[in-house]
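Visitor: I have a structure here, written as structure tokens, and I will follow up with some questions on it.
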Amino acid sequence: QVQLMESGGGLVQPGGSLRLSCTASGSFFSSKFAGWYRQAPGKERELVASITAGGSTNYANSAKGRFTISRDNAKNTVHLQMNSLKPEDTAVYYCNVGGPPTLGGSWGQGTQVTVSS
Numbered sequence: 003q004v005q006l007m008e009s010g011g012g013l014v015q016p017g018g019s020l021r022l023s024c025t026a027s028g029s030f031f032s033s034k035f036a037g038w039y040r041q042a043p044g045k046e047r048e049l050v051a052s053i054t055a056g057g058s059t060n061y062a063n064s065a066k067g068r069f070t071i072s073r074d075n076a077k078n079t080v081h082l083q084m085n086s087l088k089p090e091d092t093a094v095y096y097c098n099v100g101g102p103p104t105l106g107g108s109w110g111q112g113t114q115v116t117v118s119s
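This is the structure:
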């Protein structure tokens, strides 16, 4: 199973920016779906943005126009650039590569993003 290492979370003021990164071990990253999800306290985990192996992207309505997902297949890495952050973006952000674990996918350990003044 692919191991994922996330980085880039932290505390930022409203209106600020953060860039999350997720690096995958092993091979075949370029052929896999990758996505960023988040889970706020008391809420279910939700999809924020995803990118297919072919580079097609999909965003939650809350992320459109503010967040950008991208991948660097040479470095086995997927990024989430988050701009114009709002307090409601506060959550633990998780990287997923390859879909559900039952289908061979993997989850990262999560990185905390806190948007607060």
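To convert, take the position in the sequence shown, counting from 1, and add 2; that gives the numbering used here.
Ideal placement from N, C-alpha and C gives every residue a C-beta, glycine not left out.
1) Count the other C-beta atoms from every protein chain shown that fall within 10 angstroms of the C-beta of D91, then say buried if there are 16 or more, exposed otherwise.
2) From R68 to G17, what distance separates their C-alpha atoms?
3) Taking the alpha-carbon of A62 as reference, which of T54, D74 and E48 has the nearest alpha-carbon?
4) Quick check: what's the CA-CA separation for F30 versus V117?
5) CA-CA distance, S72 and I53?
6) According to DSSP, S27 sits in a beta bridge with which residue or residues?
7) Thinking C-alpha only, which one of S119, P102, M84 and Q41 is nearest S19?
Guide: Answer, in terms of the structure:
1) buried
2) 10 Å
3) E48
4) 34 Å
5) 7 Å
6) DSSP lists no partner for S27.
7) M84
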